[in-house]
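Working notes, beginning with the structure itself.
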């Protein structure tokens, strides 16, 4: 029995480098797609930009996100079945990845929905709920992000003329919030809940997003869910 395809938001169809470029640079920075396999995923990433290395990736730059108990105490939440809170990738880096590609190779038996949140929507809702909380996350020293030898002191929402220019966020033991921002975390959680877009992925489907404009996460799950992730930088900023 063939299951019907899931209806995905902002679906661009079959992934290609040109379609990815249009969605990321001319669209709002989020799209879902279909892809035949990891080589096609990698080819589209390389056509769009520069695949960035990562500690958890293989030599090609692909990270396999699945429940991996054997990693021991160094295992991040992405390698468990737990909820992955809204975040951006590598916020401690001076130049984080511009685009993330996440593609489903194995689905969960229950839960595991992908969650994405447009930074501008979160900022607007937070400002409605609690303007002082919003301002706390816009301060230049709202958070200190640390990973290995990288450190960045930054706002969560970098604004210019009332427009979100960049978002940075992660929740782990190496992140420190300024006192006003720490007190404002419950308001941020409410803004996340009010603006979250959640959708299930079946094998062969995935999503791409601008890492500087969108938060993303995952609901807890059971089963053998496996996502492949590629981090991509703009060609003009390659070093």
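Residue numbers (full-length UniProt numbering): 1 to 239.
Every residue gets a Cβ at the ideal spot worked out from N, C-alpha and C, and that includes glycine.
Given the structure is predicted, the values throughout are model-derived calculations rather than measurements.
Proximity of residue i and residue j at Cβ, strictly below 8 Å
i           : j           : result
residue 115 : residue 204 : no
residue 195 : residue 149 : no
residue 229 : residue 65  : yes
residue 233 : residue 98  : yes
residue 103 : residue 12  : no
residue 44  : residue 20  : yes
residue 215 : residue 163 : no
residue 184 : residue 136 : yes
residue 108 : residue 223 : yes
residue 93  : residue 146 : no
residue 50  : residue 235 : yes
residue 129 : residue 219 : no
Span separating the alpha-carbon of residue i from that of residue j
i           : j           : result
residue 133 : residue 127 : 7 Å
residue 225 : residue 105 : 8 Å
residue 82  : residue 112 : 9 Å
residue 77  : residue 165 : 27 Å
residue 47  : residue 38  : 14 Å
residue 238 : residue 60  : Confidence in residue 238 is poor, its pLDDT being 42 and thus under 50, which makes the residue's placement too unreliable to answer from.
residue 221 : residue 231 : 23 Å
residue 8   : residue 200 : 8 Å
residue 56  : residue 75  : 10 Å
residue 15  : residue 24  : 12 Å
residue 256 : residue 18  : Since the first and last residues shown for the chain are 1 and 239, residue 256 lies out of range.
residue 193 : residue 171 : 16 Å
residue 86  : residue 161 : 25 Å
residue 53  : residue 186 : 34 Å
residue 110 : residue 84  : 15 Å
residue 100 : residue 42  : 12 Å
residue 27  : residue 96  : 20 Å
residue 169 : residue 131 : 19 Å
residue 318 : residue 202 : There is simply no residue 318 to check, as the chain begins at 1 and stops at 239 in what is shown.
residue 175 : residue 22  : 34 Å
residue 58  : residue 173 : 25 Å
Presumed contact (8 Å Cβ cut-off) between residue i and residue j, rounded CB distance
i           : j           : result
residue 88  : residue 207 : Their Cβ separation, rounded to whole angstroms, is 15 Å, which puts residue 88 and residue 207 out of contact at 8 Å.
residue 213 : residue 118 : 7 Å
residue 241 : residue 123 : Residue coverage of the chain in this structure runs from 1 to 239, which leaves residue 241 outside it and unanswerable.
Residue-level contact to chain D via CB, residue i, 8 Å cutoff
i           : result
residue 178 : Structure shown: chain D not included; a single protein chain is present.
Residue ranges of each beta strand (DSSP E) run of no fewer than 3 residues wholly in the region 139-190, ordered along the chain?
-> Look at the region 139-190 and you find these whole runs of beta strand (DSSP E), each 3 residues long or longer: 143-147, 150-154, 157-160, 163-167, 175-177.
Check whether the region 175-183 touches the region 56-65, taking contact to mean three or more Cβ pairs, one atom from each stretch, closer than 8 Å.
-> No, they do not touch.
Starting from the N-terminal side, write out each stretch of the beta strand (DSSP E) that is 3 residues or longer and does not extend beyond the region 98-140.
-> For the region 98-140, whole beta strand (DSSP E) runs of length 3 or above, ordered along the chain, are 99-111, 114-118.
Counting Cβ pairs closer than 8 Å, one from the region 153-160 and one from the region 129-145, do we hit at least three?
-> Touching, yes.
Scan the region 13-43 and note each continuous alpha helix (DSSP H) run of 4 residues or more that stays entirely inside, going in chain order.
-> Here the runs fully enclosed are 17-21.
Could you name each continuous beta strand (DSSP E) segment of 3 residues or more that falls completely within the region 69-93, going from the start of the chain to the end?
-> Correct list: 84-87.
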